[in-house]
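Student: Each residue of the sequence shown is one higher than the last, beginning at 3 in my numbering.
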Amino acid sequence: QSPTNTLSNVVDGTSFTLSKTGSTNVTVANDPTATTTAVTNFVNGYNALRTQLNGLTNIDTANKANNGPLAGDVSTKTLINQITDVLG
Numbered sequence: 003q004s005p006t007n008t009l010s011n012v013v014d015g016t017s018f019t020l021s022k023t024g025s026t027n028v029t030v031a032n033d034p035t036a037t038t039t040a041v042t043n044f045v046n047g048y049n050a051l052r053t054q055l056n057g058l059t060n061i062d063t064a065n066k067a068n069n070g071p072l073a074g075d076v077s078t079k080t081l082i083n084q085i086t087d088v089l090g
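(1) My output table needs one value for Ser77: the three-state DSSP class, helix, strand or coil.
(2) Please report the distance separating the alpha-carbon of Ala31 from that of Pro71.
(3) Taking 8 Å as the cut-off, decide whether the C-beta atoms of Ile82 and Ala73 are in contact.
(4) Look at Asn7 and Thr19 and say whether their C-beta atoms are less than 8 Å apart.
(5) Report the CB separation of Thr59 from Asp75 in whole angstroms; it is logged as a contact under 8 Å.
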């Protein structure tokens, strides 16, 4: 039982608004272009994050003046390790 005529997440990412009794057919299709775009955007964002974190945590043993502002920071290293564990 629902307090409204709208059913959400019966199928992931969809909602149905019921307006009258009867039967109907519902077709759900994937959208490969949208999926590809979403995955590409995620990968690009992840790569940008890794590039930024690499620069911030860079350690230059030959010249400490070139070290990133977070070089040797344990919290940042822990964050990087956790992200890598989850995403690779």
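Cβ coordinates follow ideal geometry from the N, Cα and C atoms, glycine included.
Tutor: From the atom records:
(1) For the purposes of this step, residue 77 is identified with residue 75 of the sequence shown, where counting begins at 1. Look at Ser77 here: in three-state DSSP terms it is helix.
(2) Here residue 31 refers to the residue found at position 29 of the sequence shown. Here residue 71 refers to the residue found at position 69 of the sequence shown. Computed Cα separation, rounded: 48 Å.
(3) As a first step, residue 82 is located in the sequence shown; it is residue number 80 there, counting from the start. As a first step, residue 73 is located in the sequence shown; it is residue number 71 there, counting from the start. Against a cut-off of 8 Å, the Cβ pair of Ala73 and Ile82 comes out as no contact.
(4) Indexing the sequence shown from 1 puts residue 7 at position 5. Indexing the sequence shown from 1 puts residue 19 at position 17. Taking the C-beta atoms as reference points, Thr19 is found nearer than 8 Å to Asn7.
(5) As a working mapping, residue 59 is identified with position 57 in the sequence shown. As a working mapping, residue 75 is identified with position 73 in the sequence shown. About 7 Å; that satisfies the 8 Å criterion.
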